[in-house]
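Notes for the one structure printed next.
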Amino acid sequence: MLTLSQVNKRYPTGDRALTDIDLTLPRGQVMALIGPSGAGKSTLIRCVNRLVEPTSGSIRLEETELTRLSGNALRRARRAMAMIFQEYALVDRLTVMENVLSGRLGYVGFWRSFLRRYPADDIAEAFRLLERVGLPHAMDKRADALSGGQRQRVGIARALIQRPRLLLVDEPTASLDPKTSRQIMRLIRELCAERELAAIINIHDVALAQQFADRIVGLRAGEIVFDGKPGELDAETLTTIYGEEEWDTRVQEEEAPSAAASAAPAPATPLTLATGGAR
Amino acid sequence: MSRQALAQAGRWRRLPLIETPRLRWGLAAGLAVYLVLALSTIDVNWARVAEGASRGLNFLAAFTQPDFVSRRGDILDGILESLTMTLTSTVIGVALAVPVGLGAARNIAPWPIYYLCRGIITVSRTFQEIIIAILFVVMFGFGPLAGMITLAFATIGFMAKLLAEDIEDLDWRQVEAVRATGASWWQTMNHAVQPQVMPRLIGLSMYRLDINFRESAVIGIVGAGGIGATLNTSISRYEYDTAAAILLIIIAIVLLCEYSSSHIRRWTQ
Amino acid sequence: MPVSTTPQGTPTWRLRTTRAQWLGYLAWLAGACLFLLCWKLISDNTMWVFVEDAGRQGSDLISRMLPPRWEVAHRLWQPMWDTLNIATLGTLLGIAMAFPVAFLAARNTTPHPLLRSAALVVIVSSRSINSLIWAMLLVTILGPGVLAGIIAIALRSIGFVGKLLYEAIEEIHPTPVEAISATGAGRLQVMSYGVLPQVMPAFAGISVYRWDINIRESTVLGLVGAGGIGLQLNAAINSLAWNQVSVIFVMIFATVLASEWISARVRHAII
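Residue numbers (UniProt numbering), protein chains in the order written: chain F, 1 to 279; chain D, 1 to 269; chain S, 1 to 271.
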């Protein structure tokens, strides 16, 4: 449903962030995008919803060519693509409910949103989503009164109330502890399955990527260097993505604490890696 | 129904800013009553406004062709006088503000001095420069000296207050470290207090220079020297093209002042 | 390097290098010369006989001010009320105009660079020109009265509030703004959800601060005919009724102190 072809991005400073990206994402697939810092992961997903303008190439969401949209057409296209951020990106001084409802901004007019007169359906849906992510009691709290994991749940609710077809997720776990990270990833995964959403998830943590994604794409210096199933990822491909590192010894050193910290069962894949260090 | 149940049914309203309804409506009503009362005190003489409207247009038009030439002598003298007053008053004012500021810092000054210095600051800050200028003109006669003393006095209040606040929340560990070496009071001031407040003191002095220039353009109205007298005359004679020229010069000098002060601040840090 | 070696070979330390030291002396010398030059200009334009007389004039002034004629106070409540109204209504009008100007002037919210420059010009001109000058102009245009005072205060406030507010807007966190844009929100919606909540406390604080300054400024607008207590002050000074002037001073002093106290309390509550 999402097709990128020959996408390039060059920043005004001359840095080449993306080079000839070709990527197709079918409906309902959860894809993890891994790679070192500065590889262009953030730029890639921001090109899709045009928070960053791609320099050249074509990005199609179903039948819509996204790169040529502007004004209201861009607004309408953005409604179909919801984004979840690393630092949650909630508006601190608004309440949780207002933050969730802000996901409907693409659907309601300015005055309705300014006076907070949202349609009853939207409000009921916002409340259902808050219940789904486990925060109905926090409805009237200010966003800055929540913990990191709770904020990310609000961020997810805000994304889902857009009724998107595609989720763009930028480092959802980078600011969270290992246990909360897993809970958040599981929640995203479940919600994608429930709603048949496609998702692109930027993630540093290779173990989490392997456990929760259907497909892994590795990015290095703006180019795709790996594209396959989580099981196909081995030490050699990790070296192509991240560079030289003794992947196997790191596993043994780090497995014990990370397994102890998480209540979840050990991942199914044999190779479990925790490369959180790149941030 | 609780807010949660209401939200479930789709009937949610934003939380009001003030929680108690009585206080909320009381404040709103009070505000409305005040606005009605205050607006009713404005009596506008519409005939006069209609008459003046053409002058307003003249004034705006004057900005497109300001007249720098016909009163060149007056403008030049006035601007020069304003600039000299600005410079001398800032230097003298800052020099005097330092002892007053030290005296007004609760953590280093003894009580009687603290109250004296706070008193000076309050008086200097409460009265608008113009009022002070009137008094000094009566005392010292017309001319730039009265203006300079006025601006210096206003500078003392402004600078000393901020300086005192700075000293009050300075990093006390550094002071104690210097004191622990056996330094005297003056040495402590010089080595522990001065380095901490100096950059901000310079920044504030530059800012005050800017304010003093803007003020020096008005205290001439009451005879305390500077460009204000020329400006006042030209406006009351409806010579808007000259007035526009003076205003443009003032704006230009303020811009220049701001530009150079940002440079100086960067240079001193 | 501030550490150098003497001919005898022992290292000495000085705070600055020789060259920097000389440059420093030179700068001080130039500054002192400029100051003395300015001082001379002022001194040339001063009648020193009057200055020698200043002490006597001052004590004479004080003796004529005391005791204040308190019985005139009842005539001053109306002008004082006018003064408060000039300051309050002027501030309201000023912040209403400053609000859009600040959004146009902030680099991250301006719709177009040209509009940004225009907004910056508005801010600079408003800041450079004292409210008394605005009042003089407006009195010749609108005629004497409270209205001229209100508009003068408003015009001066645009620059002050506009400058501080646009600096606050430029310092907001960009990520919430990005998140709101990503939902497909329109431009105004991004402002009202992403930017406005972040700058609201600063805006309220700046406005109250300006109101406090405006009370002080509005006490003198009457000197040029723009209404308020300044009219009474002007009349009293012109008729040399110094014992009335002292009553007015006491009233101004009390009002300004009260407004400063209120403004400090409100700003404290907001932050």
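All residues carry an ideal CB built from backbone N, CA and C; glycine is no exception.
Name the DSSP bridge partner or partners of residue i?
i        : result
Phe226/F : Gly218/F
Arg16/F  : Arg10/F
Glu125/F : Paired residues: none, contrary to the question.
Ile21/F  : Val7/F
Ile201/F : Ala32/F and Val169/F
Ile227/D : According to DSSP, Ile227/D bridges with nothing at all.
Ile59/F  : Leu4/F
Glu65/F  : Arg60/F
Arg142/F : Thr95/F
Output the boundary residues of the alpha helix (DSSP H) element that contains residue i.
i        : result
Asn234/S : Ile229 to Asn238
Asp171/D : Where Asp171/D is concerned, there is no enclosing alpha helix (DSSP H), given that its DSSP letter is neither H nor E.
Met47/S  : Here Met47/S belongs to no alpha helix (DSSP H), and DSSP marks it neither H nor E.
Leu223/S : Leu223/S -> no alpha helix (DSSP H), and no H or E assigned at all.
Leu268/S : Contrary to the premise, residue 268/S reads as His rather than Leu in this sequence. Unbroken alpha helix (DSSP H) run through His268/S: Trp242 to Ile270.
Met185/F : Pro178 to Arg195
Gly149/F : Gly148 to Leu160
Asp210/D : Gln194 to Ser216
Ile45/F  : Lys41 to Val48
Met97/S  : Trp77 to Ala105
Gln211/F : Val206 to Phe212
Glu51/D  : Trp46 to Ala62
Checking contacts by CB at 8 Å: is residue i closer than that to chain D?
i        : result
Ile123/F : yes
Ile129/S : yes
Met251/S : no
Ala157/F : no
Glu98/F  : yes
Which value, in whole angstroms, describes the spacing of the CA atoms of residue i and residue j?
i             : j        : result
Val146/S      : Glu52/S  : 40 Å
Leu80/D       : Leu37/D  : 46 Å
Leu29/S       : Ile264/D : 18 Å
Ala204/S      : Tyr259/D : 28 Å
Glu253/F      : Pro178/F : Bear in mind that a pLDDT of 45 at Glu253/F, under 50, signals an unreliable position, so the model cannot answer this.
Ala152/S      : Pro99/D  : 36 Å
Ala274/F      : Ser58/F  : With a pLDDT of 42 at Ala274/F, under the threshold of 50, the modelled position of this residue cannot be trusted; read the value that follows with caution. For Ala274/F and Ser58/F, the distance between alpha carbons rounds to 34 Å.
Gln183/F      : Gln150/F : 11 Å
Gly26/D       : Tyr114/D : 42 Å
Val195/F      : Met83/F  : Checking the displayed sequence, the identity of residue 195/F turns out to be Arg instead of Val. Straight-line Cα distance between these residues: approximately 15 Å.
residue 303/D : Cys47/F  : Residue 303/D is absent from the model: chain D starts at 1 and stops at 269.
Lys41/F       : Ile161/F : 25 Å
Gln8/D        : Leu130/F : 10 Å
So the candidates are the options; which of them puts its Cα closest to the Cα of residue i?
i        : options                                   : result
Ala102/S : Val161/S, Leu34/S, Ala73/S and Phe249/S   : Val161/S
Thr3/F   : Leu74/F, Thr19/F and Leu66/F              : Leu66/F
Ile132/D : Met191/S, Pro197/S, Glu178/S and Arg216/S : Arg216/S
Ala118/S : Ala182/S, Ile206/S, Ala105/S and Thr183/S : Ala105/S
Leu6/D   : Arg220/F, Glu246/F, Tyr107/F and Phe127/F : Phe127/F
Val124/S : Gly159/S, Ala96/S and Val195/S            : Gly159/S
Ala226/S : Trp22/S, Leu93/S, Leu66/S and Ala135/S    : Ala135/S
Gly218/F : Val48/F, Ile21/F and Ser181/F             : Ile21/F
Met97/S  : Ile172/S, Gly222/S, Ile169/S and Leu155/S : Leu155/S
Leu196/S : Gly184/S, His173/S, Arg210/S and Thr140/S : His173/S
Arg168/F : Ala17/F, Tyr11/F, Met31/F and Ala207/F    : Just to set this straight, residue 168/F is Leu in the shown sequence, not Arg. Selected option, being the one with the closest Cα: Met31/F.
Leu101/F : Gly90/S, Pro113/S and Ala179/S            : Ala179/S
Val254/D : Arg22/D, Ile121/D, Leu83/D and Gly101/D   : Leu83/D
Strictly under 8 Å for the Cβ-Cβ distance: is residue i near chain F by that measure?
i        : result
Gly194/S : yes
Ser188/S : Here residue 188/S is Leu; the residue named in the question, Ser, does not match the sequence. So, interface residue.
Ala269/S : no
Ala62/D  : no
Thr109/S : no
Gln21/S  : no
Leu15/D  : yes
Val266/S : no
Considering residue i, what are the terminal residues of the beta strand (DSSP E) in which it resides?
i       : result
Ala82/F : Met81 to Ile84
Asp77/D : Segment Arg72 to Gly103 is the alpha helix (DSSP H) holding Asp77/D; no beta strand (DSSP E) there.
Met31/F : Val30 to Ile34
Could you check whether the Cβ of residue i sits closer than 8 Å to any Cβ belonging to chain S?
i        : result
Tyr238/D : yes
Ala32/F  : no
Glu87/F  : yes
For the ligand ADP, I want to know if residue i counts as a neighbour, meaning its beta carbon is within less than 7 Å of at least one of the ligand's heavy atoms.
i        : result
Ala105/S : Among the components of this structure there are no ligands whatsoever, and the ligand ADP is therefore not found.
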